[in-house]
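So the protein lines, in turn, are chains V and F.
In terms of the UniProt record's numbering, the first sequence has 73 at position 73, counting the first letter as 1, and numbering is strictly consecutive.
In terms of the UniProt record's numbering, the second sequence has 81 at position 81, counting the first letter as 1, and numbering is strictly consecutive.
Just so it is clear, CB atoms sit at the ideal spot from N, CA and C, and this is done for glycine as well.
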Amino acid sequence: MFKKFQPSTDISGQTPVKSSVQRSIRSAILEQWKIEPETLEAVWPKKEGLVLVKCREHLSIYTVHGEPIFFQHFDGPIYPTLRLLHKYPYILPMVRVDRGAIRFLLAGAHMMCPGFTSKGGYLPPAEEGVAAGVPVAIYAEGKEHAVGVGITKLGTEEIKQVNKGVGVETVTYVGDDFWAIQSL
Amino acid sequence: MPAKKNRDKGDKSTTTTTEPTPVAIEPEGPPPPEPRPPVQVLYCGVCTFPVEYCEFGSSLTRCKEWLHEHDLEAYNKYYSEEALQAKIGTLSLEAQSKLEKDTAKKEAKAEAKADAALKKKMASQVTIKRIERNKRKHVTSVHGLEAFGIDLKKAAKQFASKFATGASVTKNPQGQEEIVVQGDVSDEILEMIEEEVGILKGIPADNVEIVEEKTKKN
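If you want it as C-alpha cells, here you go:
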C-alpha cells in the first residue's frame, strides 16, 4: 500500500476531524486493537484534535500533532503505524515469518503461507486463531521488533492447512515510503 | 450551574471508553490503571531502521560504524561473533552466503546511486533570470533550486520577506517550477546564495548564472 508514496502528489488535503467522528474512531480502535483506554489516551490525548490526511485511493491517515498514528483504507480496519506498533507491540495479534522471507518482506512482497508454517515462523495456536481480514503485526525470526503490519488473507488455521500462496498481505513495512515520513 | 454539572456527568457516562475510571475497570484492584509505558526502540541514525534490521538495509557498513559509536552494548549484541552464529538460525549455509553476497551487492549499488545523485546535483545549474516587464520594471525568476533539495515554497517566502515584494512558485512553460520575485533583485539573490542565507544552503556559487531576458516587442 505504501511502497510508493509521495506526500507532494499523493496527499489531497488535511482536515481536522469532527469530535463525534473522533469518538466513533476511538471506540472502533478500542474494539479492534488490544489496547487499554489509558494507553490510547497517552498516544492520542482526548484534548488533542485528530487530523485526517486524505490521500489517493481512499486512504486516510490520521495524525496527532502532525505525527501519523494510524491509517485506514476505505472503511476497513484501522492499522497502527509501524512506529506506534514498535512502542506498543501487544496491540495487534502477532505472526512471525522465517528469516528467508525478511528480504522479500522488505522489498514489499506479500507474505506467503510457508513462511509462517516453517520452523522459523510462528502462528498463534488454534484456540487464539485469527480470522481472515484482521490486521496483524508481522515479526521476523530472531528479531525483537515488528518488521511490518499486514492483513490476513486467510485465517491462521487455514494458513496451516492450505500452506500455499498469500497468507498475509503486507500493508506497511520497515523502509517503505510511509516509514520515511515521520511527520505530515 | 446544576444543569451544566448534569451534562458533564452524562457526557462521561457515554464516553467511558477514554475516561480512566478505576472502579469500573478493576473492581477489586486497588491501584488505578496507568497507561502502559511505550517500548523504547533504538532506530539507526543512518538508515532509520530499528538497529536489528540494518543488515537488510543498503548501508550496513555505515550503520555498523554508527552503532559502534553510539551504543556499544547494542553493537555487541547484534554484531559479536556469537550473535552472528546464532543469527544464521534455520538458514542453510548456502542460503546464508547468498544473502551476504546480495547484501554486499545492494550496498555497492546504493553507494553508486548516491554517488551519481551527488554528481548530478553538483552539475545542475541555478539560473537567475531578469525579465523585463515594462520599460523600467522587472521580475526575477530563479530556476533550479529544487535540485539542491531546497523547498521552493519556503524559499519564495524567504525572498518575499527579505525584499518586501511578492514572490511565488510558478510553473514555467516547460512545466518546471520556478520562483518568480517581483522587482530586479538578481544581484541580491546571487549574494544570498553565496552567503547561504536561511534555507539557501549547499549551492556552489559557480553553478549560479545570471541571465537577462528582454521582451521582443521593440
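Are the CB atoms of residue i and residue j nearer to each other than 8 angstroms?
i: Tyr-173 (chain V); j: Leu-105 (chain V); result: yes
i: Val-97 (chain V); j: Gly-49 (chain V); result: no
i: Gly-166 (chain F); j: Gln-176 (chain F); result: no
i: Gly-57 (chain F); j: Gly-175 (chain V); result: yes
i: Lys-153 (chain V); j: Val-168 (chain V); result: yes
i: Lys-214 (chain F); j: Glu-132 (chain F); result: yes
i: Gly-155 (chain V); j: Ala-132 (chain V); result: yes
i: Val-147 (chain V); j: Tyr-53 (chain F); result: yes
i: Val-51 (chain F); j: Ala-74 (chain F); result: yes
i: Gly-160 (chain V); j: Thr-117 (chain V); result: Before going further, note that residue 160 (chain V) is Lys rather than Gly in the sequence given. Cβ atoms of Lys-160 (chain V) and Thr-117 (chain V): closer than 8 angstroms.
i: Val-149 (chain V); j: Pro-80 (chain V); result: yes
i: Ala-28 (chain V); j: Pro-35 (chain F); result: no
i: Pro-45 (chain V); j: Leu-184 (chain V); result: no
i: Asp-177 (chain V); j: Phe-5 (chain V); result: yes
i: Pro-93 (chain V); j: Pro-124 (chain V); result: yes
i: Gly-100 (chain V); j: Ala-95 (chain F); result: yes
i: Met-111 (chain V); j: Ile-151 (chain V); result: no
i: Arg-103 (chain V); j: Leu-145 (chain F); result: no
i: His-82 (chain V); j: His-73 (chain V); result: Note on identity: in this sequence residue 82 (chain V) is Leu, with His being the wrong assignment. Taking 8 angstroms as the Cβ cut-off, Leu-82 (chain V) and His-73 (chain V) do not qualify as a contacting pair.
Output needed for residue i: all residues of its chain with C-beta closer than 6 angstroms, excluding positions within five of it in sequence on either side, in chain order.
i: Met-1 (chain V); result: Val-171
i: Ala-110 (chain F); result: Ser-58
i: Arg-121 (chain V); result: The question names Arg, yet the displayed sequence has Gly at residue 121 (chain V). Correct list, in chain order: Arg-96, Val-97, Asp-98 and Gly-115.
i: Thr-48 (chain F); result: none
i: Gly-13 (chain V); result: Lys-54
i: Phe-163 (chain F); result: Val-185
i: Val-23 (chain F); result: At Val-23 (chain F) the pLDDT is 41, less than 50, meaning the model places this residue with poor confidence and gives no usable figure here.
i: Arg-56 (chain V); result: Asp-10
i: Gly-198 (chain F); result: Gln-158
Quick check on residue i: buried or exposed, where buried means 16 or more other Cβ atoms within 10 Å of its Cβ?
i: Asp-206 (chain F); result: exposed
i: Pro-37 (chain F); result: exposed
i: Met-122 (chain F); result: exposed
i: Ala-156 (chain F); result: buried
i: Ala-112 (chain F); result: exposed
i: Leu-84 (chain V); result: buried
i: Lys-12 (chain F); result: For Lys-12 (chain F), the predicted model reports a pLDDT of 43, less than 50, meaning its position is unreliable; a value from the coordinates is still stated below. It is exposed - the Cβ of Lys-12 (chain F) has fewer than 16 other Cβ atoms within 10 Å.
i: Gln-125 (chain F); result: exposed
i: His-143 (chain F); result: buried
i: His-138 (chain F); result: buried
i: Glu-141 (chain V); result: buried
i: Thr-15 (chain V); result: exposed
i: Leu-118 (chain F); result: exposed
i: Thr-140 (chain F); result: buried
i: Gly-149 (chain F); result: exposed
i: Pro-173 (chain F); result: exposed
i: Leu-52 (chain V); result: buried
i: Pro-37 (chain V); result: buried
By Cβ distance below 8 angstroms, which residues in the same chain neighbour residue i in space, the five residues on each side in sequence not counted?
i: Val-211 (chain F); result: Thr-127, Ile-128, Lys-129 and Arg-130
i: Val-162 (chain V); result: Cys-113 and Leu-154
i: Arg-7 (chain F); result: The pLDDT assigned to Arg-7 (chain F) is 46, lower than 50, so where the model puts this residue is not dependable; a value taken from the coordinates is nonetheless given after this. Hits under 8 angstroms: none found.
Specify, as a first and last residue, the run of the beta strand (DSSP E) that residue i falls within.
i: Tyr-78 (chain F); result: Looking at the DSSP string, Tyr-78 (chain F) is not in any beta strand (DSSP E); the run it does join, the alpha helix (DSSP H), is 72 to 79.
i: Gln-182 (chain V); result: Run containing Gln-182 (chain V): none; DSSP gives neither H nor E here.
i: Ala-137 (chain V); result: 135 to 140
i: Val-97 (chain V); result: 94 to 97
i: residue 237 (chain F); result: Residue 237 (chain F) lies beyond the residue range present for chain F, which begins at 1 and ends at 218; the question has no answer from this structure.
i: Glu-212 (chain F); result: 208 to 213
i: Lys-143 (chain V); result: Note, Lys-143 (chain V): premise wrong, no beta strand (DSSP E); not H, not E.
i: Lys-129 (chain F); result: 126 to 134
Taking residue i as part of the alpha helix (DSSP H), name the residues at either end of that continuous run.
i: Pro-114 (chain V); result: 113 to 117
i: Arg-83 (chain V); result: 82 to 87
i: Thr-9 (chain V); result: 7 to 10
i: Val-139 (chain F); result: Note, Val-139 (chain F): premise wrong, no alpha helix (DSSP H); beta strand (DSSP E) at 137 to 143.
i: Thr-103 (chain F); result: 93 to 123
i: Thr-172 (chain V); result: Thr-172 (chain V) -> not in any alpha helix (DSSP H); beta strand (DSSP E) instead, spanning 166 to 173.
i: Ile-199 (chain F); result: Careful: Ile-199 (chain F) lies outside any alpha helix (DSSP H) and carries neither H nor E.
i: Thr-152 (chain V); result: Not the alpha helix (DSSP H): Thr-152 (chain V) falls in the beta strand (DSSP E), residues 148 to 152.
i: Lys-157 (chain F); result: 152 to 163
i: Lys-160 (chain V); result: 156 to 162
Between residue i and the rest of its own chain, which residues show a CB-CB distance below 7 angstroms, the 5 nearest in sequence each way excluded?
i: His-86 (chain V); result: His-145 and Ala-146
i: Val-169 (chain F); result: Leu-152, Lys-153, Ala-156, Glu-177 and Ile-179
i: Ala-180 (chain V); result: none
i: Lys-34 (chain V); result: Tyr-90 and Ile-91
i: Val-46 (chain F); result: Ser-59, Arg-62, Cys-63 and Trp-66
i: Thr-39 (chain V); result: Tyr-88
i: Leu-93 (chain F); result: none
i: Val-208 (chain F); result: Val-126, Ile-128, Leu-190 and Ile-193
i: Gln-22 (chain V); result: Leu-50
key: Segments of 4+ residues assigned as alpha helix (DSSP H) that fall wholly inside the region 24 to 70 of chain V   = 37 to 43
Unbroken alpha helix (DSSP H) runs of length 4 or more, entirely within the region 30 to 73 of chain F: which are they?
60 to 70
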